[in-house]
Amino acid sequence: MRLSIAIGSAVALLGCTTLTPASFRAKPPEFDPIQGGPVVVLAGYTEPEAWRFNANGITFDYNRNAFSEDLARLVSGALSGAGVAVGEGGDPITVRVVYLDFMFQGPCIVDYAVKYGESAWAGGQARYESSNFATACREALELAAHDIVADPRTQLHLGED
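Counting in my numbering, the sequence shown runs from 3 upward without gaps.
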């Protein structure tokens, strides 16, 4: 009986932890003013949405669709902060997180895809080196949002010259 309690406690301590976008507290990157819009930034969803990675010996479950929603929030916030009209009825930019992982001792890697209107998906990757996975993944998510906004295809989609 004591052995089964000890094993159950060990599994509870060493089991999976759920990771959410709020865990990283990523903030939209800042840009100089950008002309163009209106645009709406949407989260693209992927199956299966549940995924996991290991960081520092702990297994983390996460929902890729929740991270896609957060990436959309970051891109939307960056565009809005740069003066772009963002909201309903705008020309859509759809973003999704395809893969999120923390390599042993860093970096954190975010593979993402972007779709402008009815175009085909275009992939990209952001990565940030840090042995602290929370720092690495926060910075990688912020970098992904930065790269999407700074991408010439985004500027073209917004009507920026």
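No residue lacks a Cβ here, since even glycine has one placed at the ideal position from N, Cα and C.
DSSP bridge partner residues for residue i (one or two, in chain order)
i: Lys-117; result: Thr-96
CB contact flag (residue i, residue j, <7 Å)
i: Phe-26; j: Arg-140; result: yes
i: Ile-95; j: Val-43; result: yes
Cβ-based neighbour list, residue i, same chain, cut-off 7 Å, excluding 5 preceding and 5 following
i: Pro-30; result: Leu-76, Gly-79, Ala-80, Gly-83, Ala-147
i: Ile-60; result: Thr-19
Option in the options with minimal Cα separation from residue i
i: Gly-92; options: Thr-19, Gly-38, Gly-46; result: Gly-38
i: Gly-108; options: Val-100, Ala-136, Thr-20, Glu-71; result: Ala-136
i: Asn-134; options: Asp-113, Phe-106, Asn-67; result: Phe-106
i: Gly-85; options: Ala-74, Phe-33, Thr-156; result: Phe-33
Residue burial classification, residue i (beta-carbon count within 10 angstroms, cutoff 16)
i: Ala-8; result: At Ala-8, the pLDDT of 32 sits below 50, so the modelled position is not reliable; the number obtained from the coordinates is stated separately. Exposed: under 16 other Cβ atoms inside 10 Å.
i: Phe-69; result: buried
i: Glu-131; result: exposed
i: Arg-66; result: buried
Cβ-based neighbour list, residue i, same chain, cut-off 6 Å, excluding 5 preceding and 5 following
i: Val-116; result: Val-97, Ala-124, Ile-150
i: Leu-21; result: Phe-62, Tyr-64
i: Asp-72; result: Pro-23
i: Pro-40; result: Ala-87, Gly-92
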